[in-house]
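To start, the structure under review is shown below, and the notes come after it.
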Amino acid sequence: MSEHKIALVGTPCEIMAASKLQYYTDSPIDVKLGLFCMENFSYKYFVNLLKEYDLTMDDIEKFRIEKGFVFLLLKTKETVKIPLSVAKRIIRKNCNICVELTSETSDISIGSIGSDDGWSTLIVRTEKGEEIVNGAIEQRFIEAKALTDSQFELLNRIAESKTRKNIETIERREFLARPVLYQRQKSDDSISNEVSEASFLDLRSNVIDVGACVLCGACEYACPDNLITIDDTKPRRKGECPEDCHACFAVCPRTFIPEALRNDNSKPIGNFKKVLTVKSLKHTQGQDGSIVTTILDYLLDNEIVTDALIVDKEDHLAWKPYAKLTNAIDEVVKSGGTKYSVCPVFKPLNDLKDEVQNINEGAN
Ligand SMILES: Cc1cc2nc3c(=O)[nH]c(=O)nc-3n(C[C@H](O)[C@H](O)[C@H](O)COP(=O)(O)OP(=O)(O)OC[C@H]3O[C@@H](n4cnc5c(N)ncnc54)[C@H](O)[C@@H]3O)c2cc1C
Ligand code: SF4
Ligand code: SF4
Ligand code: SF4
115 MSEHKIALVG
125 TPCEIMAASK
135 LQYYTDSPID
145 VKLGLFCMEN
155 FSYKYFVNLL
165 KEYDLTMDDI
175 EKFRIEKGFV
185 FLLLKTKETV
195 KIPLSVAKRI
205 IRKNCNICVE
215 LTSETSDISI
225 GSIGSDDGWS
235 TLIVRTEKGE
245 EIVNGAIEQR
255 FIEAKALTDS
265 QFELLNRIAE
275 SKTRKNIETI
285 ERREFLARPV
295 LYQRQKSDDS
305 ISNEVSEASF
315 LDLRSNVIDV
325 GACVLCGACE
335 YACPDNLITI
345 DDTKPRRKGE
355 CPEDCHACFA
365 VCPRTFIPEA
375 LRNDNSKPIG
385 NFKKVLTVKS
395 LKHTQGQDGS
405 IVTTILDYLL
415 DNEIVTDALI
425 VDKEDHLAWK
435 PYAKLTNAID
445 EVVKSGGTKY
455 SVCPVFKPLN
465 DLKDEVQNIN
475 EGAN
């Protein structure tokens, strides 16, 4: 077992990758804090779009997406609105086949939909998640209230509409022979057979080359021979794979999903224990209720985890996200706020690779 117990923050696709890593390996990820996510953007295309508004990433204090607009809160305190109908062209293609809004395989999911300004909506999904939230309330890290019926309905309605819209895209793509493997409802036996015959070439043709890759970096981390490298565009392989390896294909969130991790899309926000609206009693610099930052603070302070795997922004390139493993609370606080573009979140785990075991045993 790993010496590390890591709390990961991620979007629904990244949380699914973490869940598959847990399913197939002795993963060091112990707590999954999932974000809500409607869409994500390419950093490079975002920079180009801003040029049309005579802006650079450096001009921006904070991003916010709501009510059909991307709101740019500028350092000058002005606000610029970009209609989502315009920003649509910079949304990553893989997001159009994503049916999950609320990180259904997390321990705790967090987002803004359903809550008032300055508060976050929090979905408790697992016993571990419930223990963490109860502890954070008892130790006065956070305060919590029940969501009203209308707030709960709004959340379900938005989740359902994302799923419905993107299922239509998936059906169109499958009809055009562009596979969306993760939405195929296969039995575990049949998944096991498919995985045991798959290799990087199958990952490339079924995920990477057809615009389904979410750029999470789980394949790079899982590769026992370090053959995969991932940059801002896609994973690439250098060298020949051993015959009996399927690790990258197994852990990818866009290949077949084991039955235990799957929602048949009949439950808009997946399985849960309770849904709350919550606010931090310790931090204020976050995106919404600063709940992610505060729960990480609680987890590190109480030594429930050893490290947090978070997404910060580069100092030299405004709003460019990069993933970081840390146990320092000031670094966690600094990483607060949403960066609306992707980066390979599992990259910092590459240093812990020696601890990865059993991927291929699990996949066989
Ligand atoms: C791409 C994206 C799209 C989102 N879309 C929605 C939405 O449609 N509706 C909704 O209600 N909420 C959405 N969210 C979640 C929302 O923006 C807030 O992250 C959430 O409400 C938590 O707020 P907070 O104040 O508790 O978090 P904070 O305390 O500010 O902490 C935010 C945490 O998010 C992590 N983070 C920031 N950017 C990224 C990233 N790109 N990838 C992975 N982790 C990141 C950081 O590590 C940080 O720890 C989205 C988040 C992302 C990253
Ligand atoms: S695929 Fe896109 S929309 Fe779906 S969770 Fe990932 S970043 Fe968000
Ligand atoms: S060695 Fe295994 S994990 Fe690495 S690229 Fe080849 S099949 Fe994928
Ligand atoms: S191909 Fe690799 S980087 Fe892309 S979604 Fe799959 S695991 Fe993530």
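Add 114 to a position in the sequence shown, counting from 1, and you land on the number used in this note's numbering.
Note that beta-carbon positions come from the ideal geometry of N, C-alpha and C, so glycine has one too.
Q: Whole angstroms is fine: what's the gap from V309's alpha carbon to V365's?
A: 10 angstroms
Q) Hey, quick one: how far does the beta strand (DSSP E) through G232 stretch, first residue to last? A) Counting along the chain, G232 falls outside any beta strand (DSSP E), and DSSP gives it neither H nor E.
Q: Give the range of the beta strand (DSSP E) segment to which I143 is assigned.
A: I143 to L149
**Q.** Heavy atom of ligand 5 within 7 angstroms of M152 beta-carbon
**A.** For the structure depicted, ligand 5 is absent and the ligand set comprises only ligand 1, ligand 2, ligand 3 and ligand 4.
Q: Keeping to the same chain, check which residues put their C-beta closer than 6 angstroms to that of D402; ignore five residues upstream and five downstream.
A: S226 and S234
Q: Have a look at S141, P372 and R368 and flag the residue whose alpha-carbon is nearest the alpha-carbon of N307.
A: P372
Q. Excluding five sequence neighbours on each side, which residues of the same chain lie with their C-beta closer than 7 angstroms to the C-beta of P505?
A. Here the chain has residues from 115 to 478 only, and residue 505 is not among them.
Q. Nearest to A260 by alpha carbon, out of V145, T219, C337 and G228?
A. G228
Q | Identity of the residues DSSP links to P462 by a beta bridge | A | Paired residues: none, contrary to the question.
**Q.** Secondary structure of I409, DSSP reduced to three states
**A.** helix
Q: Could you check what DSSP says for R178 in three-state terms: helix, strand or coil?
A: strand
Q. What is the rounded straight-line gap between the Cα of D230 and the Cα of K381?
A. 24 angstroms
Q. Can you round the beta-carbon distance between P142 and L395 to whole angstroms, since I take them to be within the 8 angstroms contact cut?
A. Not a contact, Cβ separation roughly 30 angstroms.
Q: Go through its chain and collect everything with a Cβ distance to T170's Cβ below 8 angstroms, but skip five positions before and after it.
A: V161, L164 and A432
**Q.** C-alpha distance - H397 paired with T190, whole-angstrom precision
**A.** 24 angstroms
(Q) Can you tell me whether M130 is buried or exposed? The criterion is at least 16 other CB atoms within 10 Å of its CB, across all chains shown. (A) buried
Q. With a cut-off of 8 angstroms, do at least 3 Cβ pairs link the segment 205 to 224 to the segment 274 to 289?
A. yes
Q) Can you check whether the CB of A437 is closer than 8 angstroms to the CB of V425? A) yes
Q. For P372, is the beta carbon positioned less than 7 angstroms from some heavy atom of ligand 2?
A. no
Q. How would you call N478, buried or exposed, if buried means at least 16 neighbouring beta carbons within 10 angstroms?
A. In this prediction, N478 has a pLDDT of 43, which is less than 50 and means its spatial position is unreliable; what the coordinates show is noted afterwards. Exposed: under 16 other Cβ atoms inside 10 Å.
**Q.** In chain order, each alpha helix (DSSP H) run of at least 4 residues that lies wholly inside the segment 344 to 399
**A.** 361 to 365
Q | ligand 4 heavy atom lying under 7 angstroms from the CB of I322 | A | yes
Q) How many angstroms separate the CA atom of K434 from the CA atom of G450? A) 14 angstroms
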